[in-house]
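Everything on this sheet refers to the single structure shown next.
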Amino acid sequence: MEHNFHIYNSYTRQKEKFVSIVPGYAGLYVCGPTVSGESHLGHARPYITFDVVQRYLKHIGYRVRYVRNITDAGHFEEEGREAIDKVSEKAKLEKLEPMELVHKYTNLFHHGMRLFNNEDPAIEPTATGHIVEQISMIETIIEKGYAYEVNGSVYFDVTKYAAEYPYGKLSGRVLEDQLETTRDLDGQDEKRNKADFALWKKAPPEHIMRWKSPWGEGFPGWHIECSAMSSKYLGEVFDIHGGGMDLQFPHHESEIAQSTIAHGHAPVNYWMHNNMITINGKKMGKSYNNFITLTQLFTGTHPVLEQAYHPLVVRFYILQTHYRSTLDFSNEALQASEKAARRLWEAYEILKKLAHPGNTEAKDTKLDDQVNTWIKEFAEFMDDDLNTAKVIANMFELAPVINGMKGGQVKPDAISFATFKKLQDAFKVYLEDILGMQALQAQQSNKMDHVLSLLIEIRSDAKKRKDFATSDQIRNRLAEFGVQLKDEKDGTVSYSIE
RNA sequence: GGUCGGAUGGCCGAGUGGCUAGGCACAGCUCUGCAAAAGCUGCUACAGCGGUUCGAAUCCGCUUUCGACCUCCA
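So this is what it looks like as structure tokens:
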């Protein structure tokens, strides 16, 4: 397959050309949400980023199997303390059935994903639906001698593993350092070593979510679900594993350890990690209690929000920054993205309708060359570790050419017909198909279209009579409702709706 | 405390040795009955101090400072 897609591999800490295991096919696994609460702005980043990854993989010719899990059970709250199932704890507080709670937030999550225009993963496995696979994998690890059972719980023997394998390579840490970090570990000294992590936890009597296992009733540890499900659907070794940087340790490091023992080799060829979204310089997250939920974001109901933000504005805002940089939230930044996204999309709409005289030779070869260069760079920038920021920058370079063709500042025959078609095609492919942008304004019903047309007609008549009071009244009142009329140069009137 | 990563113009953000993105904001102009939109023009920054180099935002060192991870976390 001919392509030049390079991605930064967190494991090797360098950009590498992407080569899939099976030619023509690409497997992508991304850590999905824990559905014990509503997703927030921070969660939007990986799902939008990896949506673009899988869109781009498809674009360059791969058949992609995109797997994103739903964590709907079983995580212990804090190591060294009493094991509490997050989902069941919250469920008690809200007096809901765990399943009801999980369902509610799963639905909300899906709704948010659709609003972001993220394509559905091919498979979206749940942790609770794969208990059997997880238990089986744990049994294998025990058989191989790298896990031990204590009092109904099973732990992975990190010390033994680290003696033979590069434990800590992904997250860049040394086991010895880990052992030195002192924490209160009293109470639960079941583990042989502090660095050991749970594969299976015994469920205390009050636990609602529990499953039978060879070690008694309990629930799976956090890390095992991703290993069990990724190997089931993508194979023991697969191409790309994605997720937030905060998951590198311990989650992804543990995944590597588990799978390496269970399957005899490392599970992932390319690790990709997106950086965090911050607010006031701090990571947005549960721990700081500084998160803005997606619903709040879309409705403008969080105290820090000056307004509601369209999901696609958020998408654009995220894609304007490289995925490995931190992205700081601010109203100013979102508002800038809103204007920018609107302007770009309008240029695209114009481009679609633009007519070209069909000349095979460009009248302005310099401009023609420049346009071709900008278009060619779309692919180069994407190939360079998904630099969506630069792709968008080039689109803004092209926007004045497009708008100028409409406004008369650029003669349509300045570029050749071939270049013009390429331009149309490139915007469609990159803006719509790969970046996944759409029109920001809602589709208006035909009836409302007619109402607006009528008002525009009345206003045009008033203008002809030089009755500017009436024409301005119509325009200004509509503007108050968020409908902006524009008198075009050719005498027609267009409008945009906020 | 340990490990790692940042610090770019009014704001957001690309960019790893010379050609110094882009967006938003702001100012002027063109167009226009007036607006809006659009176009053109202007606004030239790289935390500080040293060093390497013909040349550094970009490489090295130190300082200041912010953050991430080390515990659930996208």
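Taking the working numbering as reference, the numbering of the first sequence is continuous, increasing by one, and the terminal residue is 498. Glycine is no exception: its CB is placed at the ideal position from the N, C-alpha and C atoms.
| Item | Value |
| --- | --- |
| Enclosing beta strand (DSSP E) for Thr-301 [first to last residue] | Looking at the DSSP string, Thr-301 is not in any beta strand (DSSP E), and its letter there is neither H nor E. |
| One or two residues paired with Leu-327 in a DSSP bridge | Ile-277 |
| 3 or more residues per run - each beta strand (DSSP E) lying fully within the stretch 137 to 165 | 147 to 150 and 153 to 156 |
| DSSP three-state assignment for Ile-292, whether helix, strand or coil | coil |
| Three-state secondary structure (DSSP) of His-6 | strand |
| Proximal residues to Thr-293 (C-beta, below 6 Å), its chain only, five neighbours per side dropped | Glu-38 and His-40 |
| Of the listed residues Val-102, Pro-23, Pro-46 and His-103, nearest to Val-64 (C-alpha basis) | Pro-23 |
| Beta-carbon contacts of Gly-482 that lie in its chain and below 8 Å, excluding the five residues immediately before and after | Ile-497 and Glu-498 |
| Secondary structure of Asp-487, DSSP reduced to three states | strand |
| Enclosing alpha helix (DSSP H) for Lys-58 [first to last residue] | 41 to 59 |
| Cβ pair count under 8 Å reaching 3, the stretch 367 to 384 against the stretch 404 to 417 | yes |
| Where Met-272 falls, given that 16 or more other Cβ within 10 Å makes a residue buried | buried |
| Nearest-angstrom Cα separation, counted from His-356 out to Met-276 | 44 Å |
| Nearest-angstrom Cα separation, counted from Gln-14 out to His-3 | 19 Å |
| Close-in-space but distant-in-sequence residues of the same chain around Asn-359 (CB under 8 Å, 5 per side omitted) | Asp-413, Ser-416 and Phe-417 |
| Residue burial classification, Val-158 (beta-carbon count within 10 angstroms, cutoff 16) | buried |
| According to DSSP, residues forming a beta bridge with Met-272 | Gly-242 |
| Host alpha helix (DSSP H) of Trp-222 (start-end) | 222 to 234 |
| C-alpha gap between Ile-7 and Lys-17, whole angstroms | 6 Å |
| DSSP three-state assignment for Tyr-495, whether helix, strand or coil | strand |
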